[in-house]
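First up is the structure itself, then whatever we jot down about it.
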């Protein structure tokens, strides 16, 4: 039969199959990793990005850069997801994971061109990953988290590659202090969640960076509701509410029939009595400060002011829970249910200060607080935003060290050591799997190579020397000094990384490369629905394939 060809897929869809799709994915992954290639290490460059609102972002944080970039290719999108996953999981190593994943993809290119089946490549990769994780566990070193200087070693290395490094130990001191305060809550397993919830970063433009500090308490961006209320109280009794201090209107429609001229006054008096009752329930516990998440009516303010109480209203839920953690108060839903045990007495000083144009309420000098506010001061918004990103990474590293107190040498020393050991083991791997296994070992060298390239060193010479050092026994600590580009012992110049960060980088990079290599068909379908009415020239907005459709 000489018929027309059967068309199954809509003519508007773009489809790439087989090797073309795989090579396209490799190219896309490489393109994404090239974006952040120069942002690795202490001598890294910053990127300047314009966001859709017209603001600018200046940063060398891999995740922050890729978050702002809008990409079309599906493989590139999945690469950008990696940086986000890495950031949420361990907070540091976002740049490394993208560079490594890109290199793993490039390492597979020759095999695909030689028609080696992707499954063979993936098997070799996974085998190499298993062995790498075992090697990482073997070479890691246990540290004592009680000793401040040991934890600071890793924090300083984390900050060493960031903008905040210019200010010495400032950021690492802040993050260590904050982590220790939150740790008093005693739940190490949920530390990630707790740091996000109870260590709040407050950015106040103005002042110098040296004025940044961690409060032994909490600060909120609020003022007292009435100018005659006290703005400084020593050892205050604090009551926290999450209900309104106003007269509640009835649920259903209420009609009032007034026959005498005094009826209106009586009705209003009833409202006043209701509010007075509510305030009396609070005042009998003799509080100095009442904080509520909802509104406070003028009448309630009047009664509370008579009782010499300072009132703060419309506080965020998260701020309220932090104040509860530092003052020992319990958040109460109804004033009539208040008990003596709900009153917080652990706070040493309450004061309202004016910084710049805003009023801030401070709850400080608390006894063993388990929440804190980190105050960042700085000249401009851009500096503050970059400092906050650095602080977030540093807090995450502190959290990782407390959860898994093991460190590895940094500066590419680990990658070179794992690479050297994998090459030794590669000879015992049978069959075709040996080639991709070796490819992983060589791909790991991208980290030290990029480090030395970023500080303008002679890359080939540095890598050759490093290989020689790591092939001998006792060469574990040799890596690239990111500031000079020379080879140095990492334990001497104190460059360390947490084991959990490194493990996550290896796992994420290799697993994602395997996933992308197994794709052999990319269909980007553009559905065009012609409107059934007479206006055939008009079309509905195009619905694209993949992420946008899923939201």
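In the UniProt record's numbering, the protein residues as written are 1 to 551. Glycine included, each C-beta is placed from N, C-alpha and C at the ideal position.
Same chain, Cβ closer than 6 Å to residue 226, neighbours up to 5 away in sequence not counted:
In its chain, beyond the 5 residues on either side, 301, 305 have a beta carbon closer than 6 Å to the beta carbon of residue 226.
Nearest residue (CA-CA) to residue 320, options 238, 401, 353
From the listed residues 238, 401, 353, the smallest Cα separation to residue 320 is found for 238.
Stretch pair the region 34 to 46 + the region 60 to 70: three plus CB contacts closer than 8 Å:
yes
Is the region 406 to 423 touching the region 129 to 139, taking contact as three or more C-beta pairs under 8 Å?
Contact annotation: the region 406 to 423 touches the region 129 to 139, with at least three C-beta pairs closer than 8 Å.
Please say whether residue 378 and residue 209 have beta carbons closer to each other than 8 Å?
yes
CB residue 432 to CB residue 130, shorter than 8 Å?
The answer is no: Cβ separation not under 8 Å.
Residue of 505, 332, 276, 233 minimising C-alpha distance to residue 246:
276
What does the Cβ neighbour count give for residue 211, buried or exposed, with the cut at 16 atoms within 10 Å?
exposed
Environment of residue 217 [buried if 16+ CB atoms lie within 10 Å]
With 16 or more other Cβ atoms inside 10 Å of its own Cβ, residue 217 counts as buried.
Through-space distance from residue 215 to residue 375, alpha-carbon basis
8 Å
Can you list, in chain order, the stretches of the alpha helix (DSSP H) that have 4 or more residues and sit fully within the region 456 to 484?
459 to 471
C-beta contact flag for residue 281 and residue 310 at 8 Å:
no
Who does residue 344 pair with in a DSSP beta bridge?
DSSP output for residue 344 lists 238 as bridge partner(s).
Indicate whether residue 480 and residue 487 have their beta-carbon atoms separated by less than 8 Å.
yes
Per-residue DSSP class, three states only, for residue 322
helix
Limits of the unbroken beta strand (DSSP E) element including residue 15:
14 to 17
Chain-order list of residues whose beta-carbon lies under 7 Å from that of residue 126 (same chain, five-residue window excluded):
514
If you compare alpha carbons, which of 443, 194, 344 is closest to residue 30?
Ranking the options by Cα distance to residue 30, first place goes to 443.
Between residue 98 and residue 177, what straight-line distance do the alpha-carbon atoms span, to the nearest angstrom?
31 Å
Run through DSSP, which three-state label would residue 313 get?
Here residue 313 sits in coil by DSSP.
What residues in its chain sit with their C-beta under 8 Å from that of residue 184, if we drop five residues either side in the sequence?
368, 369, 370
Does DSSP classify residue 556 as helix, strand or coil?
Missing from the structure shown is residue 556; the chain here goes from 1 to 551 and no further.
Start-to-end residues for the beta strand (DSSP E) that takes in residue 377:
First-last of the beta strand (DSSP E) with residue 377: 372 to 378.
With C-beta atoms as the reference, is residue 222 less than 8 Å away from residue 361?
yes
When DSSP builds the beta bridges, which residues end up paired with residue 409?
Residue 409 is bridged by DSSP to 496.
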